[in-house]
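> Quick one: the structure is below, questions incoming.
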Amino acid sequence: MASNPLPSSPPKTDPPPNFFSDYSVVLSVPLQEAFTTLWTSEGHERVCRLSKLCSGFELFQRDELALPLATFPEGKKLRDMGVRTTSTPATVETQAEVPSGKGSVITRQHFMMEETIPLLFGTFAKKVRLTGTLSWDESAFSAFSAASPSPSSCTLEALYETVSNGGIVVWKLRTFSQEGDDPNKTRVTERIEGWAPTLLKWIVQNEATKAHRAHMDLYRSHLRSQKRPGQDHVQKGQRSPSAMNALILNALNAFS
13 MASNPLPSSP PKTDPPPNFF SDYSVVLSVP LQEAFTTLWT SEGHERVCRL
63 SKLCSGFELF QRDELALPLA TFPEGKKLRD MGVRTTSTPA TVETQAEVPS
113 GKGSVITRQH FMMEETIPLL FGTFAKKVRL TGTLSWDESA FSAFSAASPS
163 PSSCTLEALY ETVSNGGIVV WKLRTFSQEG DDPNKTRVTE RIEGWAPTLL
213 KWIVQNEATK AHRAHMDLYR SHLRSQKRPG QDHVQKGQRS PSAMNALILN
263 ALNAFS
């Protein structure tokens, strides 16, 4: 799927996004397995470590956001918003205020990832720190998991948001749906909207598109490795997606 250089409304980043990427892959596993492997808190760490440059990963607190929020009126869904910086965690009391059928509670997992990027053929290394959140509607996943048989028309969504110490902001929506009539195949589609300094916009757009595709193409081998423990996640001869991100991140750090 080609990149679509058009922002969605409302803007997902602040400042508004200026680079974009769309891509999808079909995985030979049921929807529930794909979602659990790629989007649980524990699964996210394994996905991040697909990159050989990932030198650190830590999960922080998990909180909840009861919808609707003042900034996200009723009718808005996860795909319509950015919640990384929202500072209104749900409590038992606030959840009780959401009328049944009128809103939902978004689970938000905070995390940090560190990448060590070799420079000048490994002469020295640069550390890049990403902080962000994973967000999903746990009730939607639970309802899908409890259904028997699982509805073929169901779509599950999850949101990934990060900011690097170099200033790049990424909003990424990951959508899971059954591929056609085959319950054993899942299409995973990702939409990236991000912001980078204007002078770096062109190179960030170009490199982000390549890195995005390379990372998603690793999902197939990652799922196979879950069934065959011990298999290397990044196959021999395959470019690590973060190697392509290195150019972006180091350029941004030069301006920070």
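Residue 104 in my numbering sits at position 92 of the sequence shown, with consecutive numbering throughout. Don't be surprised by glycine CBs; every beta carbon is placed ideally from N, CA and C.
#1: Which residue comes first and which comes last in the alpha helix (DSSP H) that contains cysteine 166?
#2: Of the residues Leu77, Ser40, Phe123, which one's Cα is nearest the Cα of threonine 174?
#3: Rounded to the nearest angstrom, how far is the Cβ of histidine 224 from that of serine 33, given a contact under 8 Å?
#4: With DSSP collapsed to three states, give me the class of aspartate 244.
#5: Inspect the beta-carbon positions of threonine 198 and valine 41 and report whether they are closer than 9 Å.
#6: Looking at valine 37: is its Cβ nearer than 9 Å to the Cβ of valine 200?
#7: At the level of alpha carbons, what is the spacing between asparagine 30 and glutamine 217?
#8: Taking its Cβ as the centre, do 16 or more other Cβ atoms sit within 10 Å of glutamate 150, making it buried, or is it exposed?
#9: Confirm, please, whether the CB-CB distance from serine 116 to alanine 158 is below 9 Å.
#10: Can you give me the start and stop residues for the beta strand (DSSP E) that alanine 223 sits inside?
#11: Beta-carbon within less than 6 Å of asparagine 196's beta-carbon, same chain only, minus the 5 sequence neighbours each way: which residues are those?
#12: Roughly how far, in whole angstroms, is the beta-carbon of valine 95 from the beta-carbon of leucine 71, given that I think they are within contact range, below 8 Å?
#13: My output table needs one value for serine 36: the three-state DSSP class, helix, strand or coil.
#14: If you count every other CB in all the chains shown that lies within 10 Å of the CB of phenylalanine 47, and 16 or more means buried, which is it?
#15: Who are the near neighbours of threonine 25 in its chain, counting only those whose CB is closer than 7 Å to its CB and skipping five residues on each side?
#16: Would you kindly check if the distance between the Cβ of glutamate 219 and the Cβ of leucine 90 is under 9 Å?
#17: Nearest to serine 67 by alpha carbon, out of Arg74, Leu142, Pro28, Thr119?
#18: At the level of alpha carbons, what is the spacing between methionine 228 and tyrosine 35?
#19: Less than 9 Å between the beta carbons of glutamine 44 and phenylalanine 156, yes or no?
#20: Considering only DSSP beta bridges, list what isoleucine 293 is partnered with.
#21: Per DSSP, arginine 141 forms a beta bridge with which residues?
This is what the structure holds:
#1: Counting along the chain, cysteine 166 sits inside no alpha helix (DSSP H), nor does DSSP assign it H or E at all.
#2: It is Phe123.
#3: That belief holds up - the Cβ atoms of histidine 224 and serine 33 are roughly 4 Å apart, short of 8 Å.
#4: Confidence is the limiting factor: at aspartate 244 the pLDDT is only 44, short of 50, which leaves the residue's position unreliable, though a coordinate-based value still follows. Aspartate 244: coil per DSSP, three-state reduction.
#5: In this structure, threonine 198 sits near valine 41, with a CB-CB distance shorter than 9 Å.
#6: Against a cut-off of 9 Å, the Cβ pair of valine 200 and valine 37 comes out as a contact.
#7: One C-alpha to the other measures close to 8 Å.
#8: Its Cβ having fewer than 16 others within 10 Å, glutamate 150 is exposed.
#9: No, the Cβ-Cβ distance between alanine 158 and serine 116 is not below 9 Å.
#10: Taken as a continuous stretch (DSSP letters only), alanine 223 belongs to no beta strand (DSSP E), being part of the alpha helix (DSSP H) at 213 to 229.
#11: So the list reads Pro42, once near-sequence residues are dropped.
#12: The pair is not a contact, with the Cβ atoms about 17 Å apart (cut-off 8 Å).
#13: Of the three classes helix, strand and coil, the one that applies to serine 36 here is strand, per DSSP.
#14: Answer is buried; the Cβ neighbour count reaches 16.
#15: Result list for threonine 25: Gly94, Val181, Trp183, Glu205, Gly206, Trp207, in chain order.
#16: No. Outside cutoff.
#17: Residue Leu142 is the option with its Cα nearest to serine 67.
#18: For methionine 228 and tyrosine 35, the distance between alpha carbons rounds to 8 Å.
#19: In this structure, the beta-carbon distance from glutamine 44 to phenylalanine 156 falls below 9 Å.
#20: Summary: the structure shown does not reach residue 293, with the chain confined to residues 13 through 268, and so no result is reported for it.
#21: Looking at the DSSP assignment, arginine 141 forms a beta bridge with Glu126.
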